[in-house]
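Peer 1:
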Amino acid sequence: MKWFAVNCIYQVICGEGKHTPQFNEQTRLIQATGRAAALEKVRLNAANFNPPFNNCKGEKVVWKFIGVGGISEMEEPADGVEVSSKIIEPESVSQYLEKLEHRNKSLTNQKLF
2 MKWFAVNCIY QVICGEGKHT PQFNEQTRLI QATGRAAALE KVRLNAANFN PPFNNCKGEK
62 VVWKFIGVGG ISEMEEPADG VEVSSKIIEP ESVSQYLEKL EHRNKSLTNQ KLF
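In terms of this note's numbering, the sequence shown opens at residue 2 and continues consecutively.
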């Protein structure tokens, strides 16, 4: 068996869908014998990855599977193995770094249960 990082793309629909269109791109680790088997496994299980729920307004929230945006074979998962990577070209480096600092403080100041 091999491991694959699969980029699954969903449209997020709340209630009747009368809101700003939203799409969710998820990178999922899939174990399969090959690329075709990994893609088939995603197709068969895509709906189960994100079950519908009711939001705080009582509206049903649904993730509609659109398709696969990419697939990469990867090393066996282990501590520190890279799962996803992207290059950021911010308009303002200082704002980007400020947001990153705030996010890091938020993550490190959480009380663990």
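Backbone N, C-alpha and C fix where the C-beta goes; we use that ideal spot for every residue, glycine too.
(1) Helix, strand or coil: how does DSSP classify V94 here?
(2) Do you know whose CA, among H20, F54 and A47, lies nearest N8's CA?
(3) Give a yes or no on whether the C-beta atoms belonging to V63 and P53 are separated by under 8 Å.
(4) Given a cut-off of 8 Å, decide if Q32 and F24 are closer than it, judged by their beta-carbon atoms.
(5) What number of angstroms, rounded off, separates the C-alpha of R29 from the C-alpha of A6?
(6) Counting pairs of Cβ atoms below 8 Å between the stretch 33 to 40 and the stretch 70 to 86, do you hit three or more?
(7) So, using beta-carbon positions, are V84 and L40 closer together than 8 Å?
Peer 2: Inspection of the coordinates gives the following:
(1) helix
(2) A47
(3) yes
(4) no
(5) 6 Å
(6) yes
(7) no
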